[in-house]
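Inspection log for the structure reproduced underneath, given as structure tokens.
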Amino acid sequence: EAGVAQSPRYKIIEKRQSVAFWCNPISGHATLYWYQQILGQGPKLLIQFQNNGVVDDSQLPKDRFSAERLKGVDSTLKIQPAKLEDSAVYLCASSLAEGTGELFFGEGSRLTVL
Amino acid sequence: GENVEQHPSTLSVQEGDSAVIKCTYSDSASNYFPWYKQELGKRPQLIIDIRSNVGEKKDQRIAVTLNKTAKHFSLHITETQPEDSAVYFCAALFSGGGADGLTFGKGTHLIIQP
Numbered sequence: 170e171a172g173v174a175q176s177p178r179y180k181i182i183e184k185r186q187s188v189a190f191w192c193n194p195i196s197g198h199a200t201l202y203w204y205q206q207i208l209g210q211g212p213k214l215l216i217q218f219q220n221n222g223v224v225d226d227s228q229l230p231k232d233r234f235s236a237e238r239l240k241g242v243d244s245t246l247k248i249q250p251a252k253l254e255d256s257a258v259y260l261c262a263s264s265l266a267e268g269t270g271e272l273f274f275g276e277g278s279r280l281t282v283l
Numbered sequence: 067g068e069n070v071e072q073h074p075s076t077l078s079v080q081e082g083d084s085a086v087i088k089c090t091y092s093d094s095a096s097n098y099f100p101w102y103k104q105e106l107g108k109r110p111q112l113i114i115d116i117r118s119n120v121g122e123k124k125d126q127r128i129a130v131t132l133n134k135t136a137k138h139f140s141l142h143i144t145e146t147q148p149e150d151s152a153v154y155f156c157a158a159l160f161s162g163g164g165a166d167g168l169t170f171g172k173g174t175h176l177i178i179q180p
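What follows is the structure, encoded as structure tokens:
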């Protein structure tokens, strides 16, 4: 079974530039999450999708972060403009359905903002 | 929202000894408690989980205990081996209104000394 795919794996940008990350969840997984993991910390939920609808984006800094999952499969997370404190690994995860709990994570996209 | 505290932040044990990592959570409605293992530069991977209707669960050398009254749960690893060295994250989930993103602890860096 193919896992959660993410790209790019690494990205270095300067502050105030923009960046986009892509995620393809496990086939058939209706629920998709984006997490931010700052070095030395646990993952922090940014946004949760159920199919193509947003279920929870309460911790997403909406002035600079946006995400979409237009066809209920792939998702993109965008940061514009980036700040130094956005340097982190952005993890995409998927699960079969709401409330099942078990998440399958991608390898992550490591962002460095200079 | 949910808050998860994890201790210790670093744990060093001799190979063959046991390791215990403890977590507390704040939301008494949380009902799912997974543990993830993350090796350096890799994705978090589920190693064991427990639901609120169970007090203990074992899987070979790994066990998790849950005390709902005290709102804490623990990971126990027996007969530790070098490959157990990693960062371990506990998490808690409350599924409400469709939003069921996990809240993670800050992680425990487990070091197995040869």
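Residue numbers (the working numbering), protein chains in the order written: chain A, 170 to 283; chain B, 67 to 180.
The beta-carbon is built from N, C-alpha and C at its ideal position, and this holds for glycine as well.
Nonlocal neighbours in the same chain, by C-beta distance under 6 Å from residue i, ignoring five residues either side
i	result
residue 284(A)	Coverage of chain A is limited to positions 170 through 283, which leaves residue 284(A) absent and any answer about it impossible.
residue 212(A)	204, 206 and 260
residue 285(A)	The requested residue 285(A) is not part of the displayed model; chain A covers only 170 to 283.
residue 80(B)	179
Nearest residue (CA-CA) to residue i, options the options
i	options	result
residue 106(B)	245(A), 219(A), 276(A) and 173(A)	276(A)
residue 191(A)	243(A), 255(A), 256(A) and 254(A)	243(A)
residue 108(B)	231(A), 175(A), 221(A) and 264(A)	175(A)
residue 128(B)	150(B), 172(B), 90(B) and 177(B)	150(B)
residue 122(B)	179(B), 177(B), 104(B) and 142(B)	142(B)
residue 176(B)	160(B), 154(B), 88(B) and 145(B)	154(B)
residue 120(B)	126(B), 77(B), 113(B) and 130(B)	130(B)
residue 89(B)	139(B), 160(B), 146(B) and 169(B)	139(B)
Helix, strand or coil at residue i according to DSSP, with G and I counted as helix
i	result
residue 254(A)	helix
residue 212(A)	coil
residue 325(A)	Only positions 170 to 283 of chain A appear in this structure, which leaves residue 325(A) out of reach.
residue 194(A)	coil
residue 148(B)	helix
residue 232(A)	coil
residue 189(A)	strand
residue 71(B)	strand
Beta strand (DSSP E) segment containing residue i, residue limits
i	result
residue 276(A)	No beta strand (DSSP E) holds residue 276(A); DSSP gives it neither H nor E.
residue 139(B)	138 to 143
residue 153(B)	152 to 158
residue 131(B)	128 to 133
Proximal residues to residue i (C-beta, below 7 Å), its chain only, five neighbours per side dropped
i	result
residue 207(A)	257
Neighbourhood of residue i by C-beta, 8 Å cutoff - its chain only, sequence neighbours within 5 removed
i	result
residue 92(B)	68, 69, 70 and 137
residue 118(B)	96, 97, 98, 99, 132 and 134
- With 7 Å as the C-beta to C-beta threshold (strictly closer), list the residues of the stretch 201 to 212 of chain A near chain B in chain order. Correct list: 202, 210, 211 and 212.
- Task: Note down, in chain order, all residues in the stretch 163 to 180 of chain B with a beta-carbon under 7 Å from any beta-carbon belonging to chain A.
- Result: Going along the stretch 163 to 180 of chain B in chain order, one finds 164, 165, 166, 167, 168, 170, 171, 172 and 173 with a Cβ nearer than 7 Å to chain A.
- Task: Select from the stretch 105 to 120 of chain B all residues with a C-beta closer than 9 Å to any C-beta belonging to chain A, and list them in chain order.
- Result: Taken in chain order, the members of the stretch 105 to 120 of chain B whose beta-carbon sits within less than 9 Å of a beta-carbon on chain A are 107, 108, 109, 110, 111, 112, 115 and 117.
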